[in-house]
Amino acid sequence: DTGVSQNPRHKITKRGQNVTFRCDPISEHNRLYWYRQTLGQGPEFLTYFQNEAQLEKSRLLSDRFSAERPKGSFSTLEIQRTEQGDSAMYLCASSPEAIYIETQYFGPGTRLLVL
Amino acid sequence: GDSVTQMEGPVTLSEEAFLTINCTYTATGYPSLFWYVQYPGEGLQLLLKATKADDKGSNKGFEATYRKETTSFHLEKGSVQVSDSAVYFCALSWGYQKVTFGTGTKLQVIP
Numbered sequence: 001d002t003g004v005s006q007n008p009r010h011k012i013t014k015r016g017q018n019v020t021f022r023c024d025p026i027s028e029h030n031r032l033y034w035y036r037q038t039l040g041q042g043p044e045f046l047t048y049f050q051n052e053a054q055l056e057k058s059r060l061l062s063d064r065f066s067a068e069r070p071k072g073s074f075s076t077l078e079i080q081r082t083e084q085g086d087s088a089m090y091l092c093a094s095s096p097e098a099i100y101i102e103t104q105y106f107g108p109g110t111r112l113l114v115l
Numbered sequence: 116g117d118s119v120t121q122m123e124g125p126v127t128l129s130e131e132a133f134l135t136i137n138c139t140y141t142a143t144g145y146p147s148l149f150w151y152v153q154y155p156g157e158g159l160q161l162l163l164k165a166t167k168a169d170d171k172g173s174n175k176g177f178e179a180t181y182r183k184e185t186t187s188f189h190l191e192k193g194s195v196q197v198s199d200s201a202v203y204f205c206a207l208s209w210g211y212q213k214v215t216f217g218t219g220t221k222l223q224v225i226p
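In order, the protein sequence lines correspond to chains Y and E. Counting in the working numbering, the first sequence runs from 1 upward without gaps. Counting in the working numbering, the second sequence runs from 116 upward without gaps.
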């Protein structure tokens, strides 16, 4: 068990560019979550997958954001036409399918800076 | 909607001091409650949890009791160490659904 991994760990981009982040969950974890954390705040929920199905999206996830999990394993989060307000830490978490398991396991995050 | 309120930091304590970080929640019903910890340069880690009223979660000397009467889940530790310096997040969730976090409390323990 190598834990949840995220790539890249850091990303600096210019306003208006597109960026894509990748999350590899713990093996056999069916559920995958994306959160955003801004400085001095707690993480805020963005979206959630069970296997390849995206089951919930937050209102924080504007039309410029899209997340996929095509084969039910890794996931990508893309931000189009980045804005300075998108600068944040993007966290991925995963959990197994058993309904009594509530713990989410978090990755180290991808820190995005939009100039 | 659901929300979590925790005391603002930073909290600065001397080594071996007693720690309390207050946390209250607003929710309809009885969600599961968590404390997560974020050490400098690392990802969020689950510290402890409680899934029903009067449950006590404990780990690494930290404890928190689920109090439905006061809708609270205060974090305590009898004797903090320098290595406990981190940001602590109180959180709630309903089963496998999204986690709702508080804003975090930074703890600094000085020798």
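Every residue, glycine too, gets a C-beta built ideally from N, C-alpha and C.
When C-beta distances to chain Y are compared with 7 Å, the residues of the stretch 197-210 of chain E below that value are F204, S208, G210, in chain order. Spatial neighbours of V114/Y in its own chain (CB-CB distance under 7 Å, excluding positions within 5 residues in sequence) are listed in chain order as T13, R15, T82, E83, Q84, D86, S87. The way I'd put it, the stretch 27-39 of chain Y doesn't touch the stretch 136-144 of chain E; fewer than three beta-carbon pairs between them come closer than 8 Å.
Closer than 9 Å to the CB of L222/E there is not a single CB belonging to chain Y. By the criterion of at least three beta-carbon pairs nearer than 8 Å, the stretch 56-66 of chain Y is not in contact with the stretch 119-137 of chain E. Using beta-carbon distances, K213/E counts as an interface residue toward chain Y, with a partner under 9 Å. R31, Y33, Y35, Q37, G40, Q41, G42, P43, E44: these are the residues of the stretch 17-44 of chain Y whose beta carbon lies less than 9 Å from some beta carbon of chain E, given in chain order. Look at Q104/Y here: in three-state DSSP terms it is coil, with no helix or strand label. At a cut-off of 9 Å between C-beta atoms, K164/E counts as an interface residue with respect to chain Y. Note on the stretch 118-151 of chain E: there is no whole alpha helix (DSSP H) run with a minimum of 4 residues. At least 9 Å separates the CB of A53/Y from every CB of chain E.
At a Cβ-Cβ threshold of 9 Å, P108/Y and N30/Y do not count as neighbours. Contacts with chain Y (Cβ-Cβ distance below 8 Å) from the stretch 158-188 of chain E involve G158, L159, Q160, L161, K164, T166, listed in chain order.
Interface residue (Cβ-Cβ distance to chain E less than 9 Å): E68/Y is not classified as such. The C-alpha of N7/Y lies about 25 Å from the C-alpha of G219/E. Contact annotation: Q54/Y and F65/Y have beta-carbon atoms that are not nearer than 9 Å. In the DSSP assignment, W34/Y falls within the unbroken beta strand (DSSP E) covering 31-37. Excluding the 5 residues flanking it on each side, D24/Y has same chain C-beta neighbours closer than 6 Å at S5, F74, in chain order.
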